[in-house]
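To start, the structure itself, in structure tokens.
There are 2 protein chains.
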Amino acid sequence: MSKVYRTELTPLSFLERSAIVWPDKTAILYGDREIDYAEMAAHATRLGHALTASGIGEGDRVAYLCPNTPEMLIAHFAVPLVSAVLVAINTRLSADEIRTILDHSGATMLVGDTELLGTLSPIVSDLATVTEIVAIEEVGSDPGFATTPYADLLARGTDDPLPWRVDDEERTISINYTSGTTGQPKGVMYTHRGAYLNALGEIIHSRHTLDSVYLWTLPMFHCNGWCTTWGITAIGGTHVCLRQVDPAVIWSLIDTKGVTHLNAAPTVLIGLANDPAAHPFPQRLTITTAGAPPSPTIIETMEGLGANIVHVYGLTETYGPHTVCELQPGVGDMNVSERANFLSRQGVSYIIADPTRVVDDEMNDVPRDAETLGEVVMRGNNVMKGYFADPDTTHEAFRGGKFHSGDVAVWHPDSYIDLRDRSKDIVISGGENISTIEVERAIASHPAVLECAVVAVPHERWGERPKAFVVLKDGQDTTEADIIEHVRGQLAHFKAPDAVDIIGVLPKTSTGKIQKYVLREKEWAGYERRIN
Amino acid sequence: MSKVYRTELTPLSFLERSAIVWPDKTAILYGDREIDYAEMAAHATRLGHALTASGIGEGDRVAYLCPNTPEMLIAHFAVPLVSAVLVAINTRLSADEIRTILDHSGATMLVGDTELLGTLSPIVSDLATVTEIVAIEEVGSDPGFATTPYADLLARGTDDPLPWRVDDEERTISINYTSGTTGQPKGVMYTHRGAYLNALGEIIHSRHTLDSVYLWTLPMFHCNGWCTTWGITAIGGTHVCLRQVDPAVIWSLIDTKGVTHLNAAPTVLIGLANDPAAHPFPQRLTITTAGAPPSPTIIETMEGLGANIVHVYGLTETYGPHTVCELQPGVGDMNVSERANFLSRQGVSYIIADPTRVVDDEMNDVPRDAETLGEVVMRGNNVMKGYFADPDTTHEAFRGGKFHSGDVAVWHPDSYIDLRDRSKDIVISGGENISTIEVERAIASHPAVLECAVVAVPHERWGERPKAFVVLKDGQDTTEADIIEHVRGQLAHFKAPDAVDIIGVLPKTSTGKIQKYVLREKEWAGYERRIN
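So, in structure tokens, the structure goes:
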């Protein structure tokens, strides 16, 4: 018999509750569409039935390729409602990269927005497991290969209530692919329990209330929108969906929809601040930012316009945010540069997470001296269940009983962590991971290239961008533009280097290992950190 | 091997975190004492070790008889820190009642404040399991029978770190005794998991932040202070401890300590509003109230002074609050009587609780027509684990897979519950449960009494008070005052009836069952509800 005092934790219960408490309150605003909580729950229920009728069963993966539309949001409830697993794919990836994810996840259904589906033409005939492609037609049109219009999918469902419950809170609710260091995507598994707890954490740390009007500047395919898909629904706030991160549109929505909260990488804030429409926010706006430390300039600018900045840090493997730069008494009285300096630190663990540690190679805590470098490691309910179908990589990531972030930090005497470098070969550009190894592989496939190395270099707008150093084969010739074009033919365009230096020789150790740090040091002269 | 992605939920982690993040921030204010978070955690650690050194092991019960002092608060962490179980005893009970609880819980240690310990003189020689009595001397002095001064207990401890973890989140963290209908106290068991989740619920629903200054007007022995002992600690707020609920002292603390939040039964608010010191609050004050629906008058008065009212409802068996009268768009624009009418409803389940239901005798939902009466039932993570050492009563309370509150409500079309009556023989006076059966038993022991019945009658200050109807034996004579005095000799004084009507005959059914509702109806003429 089930225990009267125990219900398995699941964010499904949040939509159940909000549909009971605020059936007529606006759950989603999107252009002219207004969807209330009763309608949102009804849509999720109907879609859940439709998935079952389409052969989707317990644990099956359903892939989505959509911008931040109401349908993408509702899938966060409909798919787990039938104990299936949501795979929300990064819309900026190339067709080949998306194929890799579809095949690896074993998804049998792909639901895609017609603005994006067309890019898959080269690969759709060649998918290992997808048997049905559903097209949500709003911008663009069905590219011809989609088997099912979204309305037809929904028509397979019914309105019979489904229980907003899960039989085991450690069941996988979603898989979020992250490129990792090698470029081979890794499928990060979230549990219902972890998603539930992180959603409550987002409410508490971004101070959401019933009055929250949350603008979807953060892609939902990033860590399920840092679990805010579930959190805003829990608190009964309003989701303002957004197809594209366009500063002019964002300003217009802030002005006309009463936006109170948004999450975004600093690069989005820079775009906002520098838009011609920039002006003081008509209401208090809380901006939760991650992906790079916010600069004093952007903090000053945003605070000047009437924003509160909350700085958080985490990885796909930690449900998005894992630490927050908690305020201390007196921070409000600091001048802006002192405050920016304070806020630029990644901080301390979320209320729902175990303490974050900075450790040496033997997994011992480094001294809290603000100087000694160590790796940031995490464990507990805010750490992924593991990488899907990849026990070796999971085992490696969890070595010593902790999740290894690959981020290098110092530990301040007050216990706040402060990222300084990255042991992983990753460039984080505008909040997106780019594997340097993957870019190197693409460059090396150019017939004129002998060898190459890619490093992150600081960039005012994007935080970091990849830069390549290339040695050509004897007698070969090519140009920077040609190499960039070559990479763009293979990878998502944002992964192509901004600059390519063709040089005579790469710096190497005596054993022949390329010394990337030598290349990096020159590029980062004048910067305190080696991440941005 | 333990899972990297799972940590057992426990509120212990909240003190661990706050001591890391805000070591120097004031955790507790109490008179001239200021205790920061590092000191609070150190005190809990030392006390934990001291308990172990005193023979307290896993699952052992440690009883506390204390007002809302720092020591009572710290026990909420120190006792579970060594996997023991906290039994915080209602300080208003009589010596005999306290003996019953001590014996039933099997506590081996009693920690008591010397202001209260003295009342136990008649029973200390006669306790079944308590082998050590620790005296916290601040007001009054050691009555002579205490075996250990608190400082001596602490001296047995060390400062070695203890893990802020529990091996099983369903382990019992505390037992809270409630008098129930028969007067036989029932020990309500809370789990670490439930306490953790309810604490997050209190943060979210009372909108606590790092800046919360929380005044302890609610006794910690009531549901561990509705889990706010753990919640305020989690958010890094400041606990303002309070020995006695004295309106003048409360006003002074609100004025001088920047109090932002307090929890209290409406009766405490009435006391505050009618104190000569009453004046507009110097800062926004959030008052979370339960125990009786707040009246329009008190809502208007408190809002006029600058308070936000949050109305919650629950029972000891639901970790304190289980429902909240969630606001709806437009409530802010209502006039005060409309708003008071809205806010007087008990509302909807907490974000961390399963939906609350109102059911008929066959456990079917009653219509949501605001008219049909039914019993309020609950289940899920916010329901107790069961009654300690009382499987029969637990089984009865959990019949049909739900916890039976014994409270009778209507269900509004908007799904808010609205209490109307009580099927249990309980009077709730100033937030305290009084069993009518227990009072009847005390009255019946008077030599002149033939039979009697006790019912709740409405009371402006206390919400409800017990009133007795008594039939005397032939030829016997006694007075109202004599009967009241007789009861006060046996039970806690607040349980004695305010009024005793000596009458010729009690109304009965044809089978001889006393018709309490007949007695009640007359007393409640003009009231919409039969609870207050």
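Taken in order, these protein sequences are the chains called L and W.
The opening position of the first sequence corresponds to residue 0 in numbering that gives the first Met the number 0, with each subsequent residue numbered one higher.
The opening position of the second sequence corresponds to residue 0 in numbering that gives the first Met the number 0, with each subsequent residue numbered one higher.
Virtual Cβ for every residue (Gly too), placed ideally from N, Cα, C.
All figures in this text were calculated on a predicted structure; none of them were measured in a lab.
- Between the segment 11-20 of chain W and the segment 109-129 of chain W there are fewer than three inter-stretch CB-CB distances shorter than 8 Å, so the stretches are not counted as touching.
- For Pro-390(W), the secondary structure class from DSSP, reduced to helix, strand or coil, is helix.
- At a cut-off of 7 Å between beta-carbon atoms, Ile-416(W) makes no contact with chain L.
- Asn-67(W) is bridged by DSSP to Leu-241(W).
- For Ala-455(W), there is no enclosing alpha helix (DSSP H); the enclosing beta strand (DSSP E) covers residues 448-458.
- Within the same chain, Cβ atoms closer than 8 Å to the Cβ of Ala-272(W) are found at Ile-297, Thr-300, Met-301, Leu-304, the five residues on either side in sequence being excluded.
- The Cβ of Val-133(W) sits no closer than 7 Å to any Cβ of chain L.
- One finds nothing in chain W with a Cβ atom closer than 8 Å to the Cβ of Met-39(L); even the nearest lies about 16 Å away.
- Trp-229(L) places its beta carbon less than 7 Å from that of Pro-10(L).
- Taking 7 Å as the CB threshold, Val-382(W) lines the interface with chain L.
- Here Glu-131(W) is not near Thr-157(W), since their CB atoms are 7 Å or more apart.
- Judged by pairs of C-beta atoms under 8 Å, the segment 452-472 of chain W touches the segment 493-509 of chain W, as three or more such pairs exist.
- For the set Arg-440(L), Ile-425(L), Ala-441(L), the Cα lying nearest the Cα of Ser-434(L) is the one of Ile-425(L).
- Annotated as proximal: Val-357(L) and Val-365(L), with beta-carbon spacing under 7 Å.
- Taking C-beta atoms as the reference points, Ile-174(W) and Val-78(W) fail to come closer than 7 Å.
- Only residues of its own chain outside the window of five on either side were considered, and among them Pro-293, Ile-298, Ile-308, His-310, Cys-324 have a CB closer than 7 Å to the CB of Leu-342(W), listed in chain order.
- Taking His-238(W) as reference, the option from Leu-418(W), Ile-253(W), Pro-246(W), Ala-247(W) with the minimal CA-CA separation is Ile-253(W).
- In the structure shown, Glu-374(L) falls within a strand segment according to DSSP collapsed to helix, strand and coil.
- With a threshold of 7 Å between beta carbons, Ile-19(L) makes contact with chain W.
- Straight across, the Cα-Cα distance linking Gly-488(L) with Thr-477(L) is about 16 Å.
- Rounded to whole angstroms, the gap between the alpha carbons of Val-84(W) and Arg-32(W) is 27 Å.
- Nearest neighbour of Pro-66(L) by Cα position, chosen from Gln-282(L), Gln-243(L), Glu-439(L), turns out to be Gln-243(L).
- Of the other Cβ atoms in all chains shown, fewer than 16 fall within 10 Å of the Cβ of Gly-58(W); this residue is therefore exposed.
- In the DSSP assignment, Val-499(W) falls within the beta strand (DSSP E) that extends over 498-501.
- Per DSSP, Val-84(L) is one residue of the beta strand (DSSP E) stretching across 84-87.
- It is roughly 52 Å from the alpha-carbon of Ala-40(W) to the alpha-carbon of Ala-49(L).
- Cβ-Cβ distances below 7 Å link Asp-359(L) to Val-365, Gly-373 in the same chain, with the five nearest sequence neighbours on each side left out; the list follows chain order.
- For a cut-off of 8 Å, the C-beta gap from Asp-35(L) to Thr-44(L) is around 14 Å, too long to register as a contact.
- Taking a Cβ-Cβ cut-off of 9 Å, the neighbours of Ser-348(L) in chain W comprise Arg-16, Ile-19, Val-20, given in sequence order.
- Ala-37(W) is the residue among Val-258(W), Leu-8(W), Ala-37(W), Trp-410(W) whose C-alpha sits nearest the C-alpha of Ser-414(L).
- At a cut-off of 7 Å between beta carbons, Glu-325(W) contacts chain L.
- Interface residue (Cβ-Cβ distance to chain L less than 7 Å): Leu-72(W) is not classified as such.
- Put simply, the segment 330-342 of chain W does not touch the segment 375-383 of chain W. Fewer than three CB pairs are less than 8 Å apart.
- Val-138(L) is classed as exposed because its beta carbon has fewer than 16 other beta carbons within 10 Å across all chains shown.
- Residue state for Ile-122(L) is assigned as coil, using DSSP reduced to three classes.
- Residue pairing of Arg-464(W) in beta bridges, as defined by DSSP: Val-456(W).
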